[in-house]
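Visitor:
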Amino acid sequence: MSKPLSRSSTKHYYEITPETLPLSCPLPNNRLWDAHPRVYLPIAKTGHVTCPYCGTEYTLRT
1 MSKPLSRSST KHYYEITPET LPLSCPLPNN RLWDAHPRVY LPIAKTGHVT
51 CPYCGTEYTL RT
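Each residue of the sequence shown is one higher than the one before, counting from 1 in the UniProt record's numbering.
1) Quick check: residue 142 and L23, are their CB atoms within less than 7 Å of each other?
2) If we ignore side chains and look at the alpha-carbon of each, how far apart do T50 and N29 end up?
3) By DSSP, does T56 sit in helix, in strand, or in coil?
4) Would you call Y14 buried or exposed, if buried means 16 or more other Cβ atoms sit within 10 Å of its Cβ?
5) Below 8 Å on the Cβ atoms is my contact criterion, and I expect T56 with H48 to pass it. Report the Cβ-Cβ distance as a whole number of Å.
6) Find the nearest neighbour of C54 within the set R38, K45, T46 and A44, judged by alpha-carbon distance.
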């Protein structure tokens, strides 16, 4: 009998500086072979955003 696939429970958190805006996920230094489509995330107004694809959380450092 096969075992169900286990998913990683590791959450990713990044602190972003204003110089790195506009913010896109995945970040340029992430692996490309398993990446989701690049999306631009609106972080400027609230200072916090979560990627709808992978759940990575970003906080804007001021």
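Ideal Cβ positions, reconstructed from N, Cα and C, are used throughout, including at glycine.
Guide: On the basis of the coordinates in this document:
1) Nothing can be reported for residue 142: it is not among the residues displayed for the chain, which extend from 1 to 62.
2) 18 Å
3) coil
4) exposed
5) Wrong, their Cβ atoms sit about 12 Å apart, outside the cutoff.
6) R38
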